[in-house]
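**Q** In the numbering used here, the protein residues as written are 13 to 223.
No residue lacks a Cβ here, since even glycine has one placed at the ideal position from N, Cα and C.
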Ligand SMILES: *Cc1c(COP(=O)(O)O)cnc(C)c1O
């Protein structure tokens with residue numbers, strides 16, 4: 013598929029859900045892709061935000077490409093010092109990481125934008141807070157003056173529509189309940205469901221790079 017086709021599918025999903033396509037941002041996930049591929053398949057169509065899952069790989073590409081960089085993969089605390097290089101961290105998954113980021117933000121004299129990752133599928137191998145941990149975790153993070161929580165992010169289990177869609181719906185409901193505007197959800201195989209269920213950012217990789 014090409015990026016314009018993905019945008020078209022997002023627009024159609026918005027239409028089905030009665031949403032304005034302007035509410036949905038496409039974050040192009042560029043992990044494992046070369047700078048040439050990124051120029052050819054993403055940036056020729058516009059200045060889309062670029063998502064990387066590993067800090068080292070992102071830092072290398074930042075030197076070569078001007079873009080709004082997002083971190084979508086897990087951030088280890090020993091790499092927290094690189095957080096200011098990213099426009100948005102999608103993967104705040106523990107209070108210890110929040111504390112590390114708060115320290116980094118204070119030192120840099122800036123507020124770091126974050127999304128809180130929620131493990132709604134309750135998969136042991138996945139990152140993120142469990143739903144019942146959110147009230148306390150969110151209260152703590154919102155007290156940290158150098159962090160700005162914009163919303164939630166989730167990576168659902170692999171599964172059919174009947175499993176994945178309710179998880180997206182749940183994330184939207186939680187974002188509403190906590191008064192948070194952003195919902196980062198949906199990847200190549202399920203971004204249309206995510207848009208129908210209220211995603212404000214979809215993180216699409218493979219679909220942009222594989223014909
Ligand atoms: C790789 C990745 C994506 C993109 O996945 P695709 O299947 O390539 O669309 C989205 N979010 C996260 C957290 C990822 O690691």
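Between residue 16 and residue 57, what straight-line distance do the alpha-carbon atoms span, to the nearest angstrom?
**A** 8 angstroms
**Q** Can residue 140 and residue 130 be called in contact, C-beta distance under 8 angstroms?
**A** yes
**Q** Taking residue 107 as the reference, which of 123, 150, 174 has the closest Cα?
**A** 150
**Q** Count the other C-beta atoms from every protein chain shown that fall within 10 angstroms of the C-beta of residue 65, then say buried if there are 16 or more, exposed otherwise.
**A** Result: buried.
**Q** Report all residues from its chain with a CB closer than 6 angstroms to the CB of residue 22; omit the five preceding and five following residues, and keep chain order.
**A** 36, 207
**Q** Are the Cβ atoms of residue 196 and residue 165 separated by less than 8 angstroms?
**A** yes
**Q** I need the straight-line Cα distance from residue 187 to residue 194, nearest angstrom please.
**A** 7 angstroms
**Q** Between the alpha carbons of residue 87 and residue 67, how many angstroms are there, rounded?
**A** Between residue 87 and residue 67, the C-alpha separation is close to 8 angstroms.
**Q** Among the candidates 199, 76, 219, whose CA atom is the shortest distance from the CA of residue 171?
**A** In terms of Cα proximity to residue 171, the closest of 199, 76, 219 is 199.
**Q** Starting from residue 221, trace the alpha helix (DSSP H) in both directions and tell me its first and last residue.
**A** Residue 221 -> alpha helix (DSSP H) spans 218–221.
**Q** According to DSSP, is residue 74 helix, strand or coil?
**A** Helix, per DSSP.
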